[in-house]
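Visitor:
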Amino acid sequence: MTARELEVLRLLASDLSGPEISRHLSVSLNTVRTHIKSIYLKLEVSSRRAAVRRAAELGFLR
Numbered sequence: 028m029t030a031r032e033l034e035v036l037r038l039l040a041s042d043l044s045g046p047e048i049s050r051h052l053s054v055s056l057n058t059v060r061t062h063i064k065s066i067y068l069k070l071e072v073s074s075r076r077a078a079v080r081r082a083a084e085l086g087f088l089r
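Residue numbers (the numbering used here): 28 to 89.
(1) Could you say which of K69, A83, V79 lies nearest to L43 if we only look at CA atoms?
(2) Buried or exposed for L38, going by 16 or more other Cβ atoms inside 10 Å?
(3) For the alpha helix (DSSP H) that S100 lies in, which residues bound it at each end?
(4) What residue from R76, R50, H62 has the CA that sits closest to A40's CA?
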């Protein structure tokens, strides 16, 4: 997991929407979506809720 993906993951866990994350990170919404897709693949999940749960189980959200 890259540093940026971890940052996006932490923002997902804080219940920010995609557009809110893009504004917070000063990147395009498409960039955020790309990071989210990569996170899903790496965590082997298909939803935000599952990604946050799996990341917490793996200790990424401490």
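Ideal placement from N, C-alpha and C gives every residue a C-beta, glycine not left out.
Guide: With the structure as the only source:
(1) As a position in the sequence shown, residue 43 is number 16, starting the count at 1. Among K69, A83, V79, the Cα nearest to that of L43 belongs to V79.
(2) By one-based count along the sequence shown, residue 38 stands at place 11. Result: buried.
(3) Any answer about residue 100 is impossible in this case: the structure gives the chain only from 28 up to 89.
(4) As a working mapping, residue 40 is identified with position 13 in the sequence shown. For the residues R76, R50, H62, the minimum Cα distance to A40 belongs to R76.
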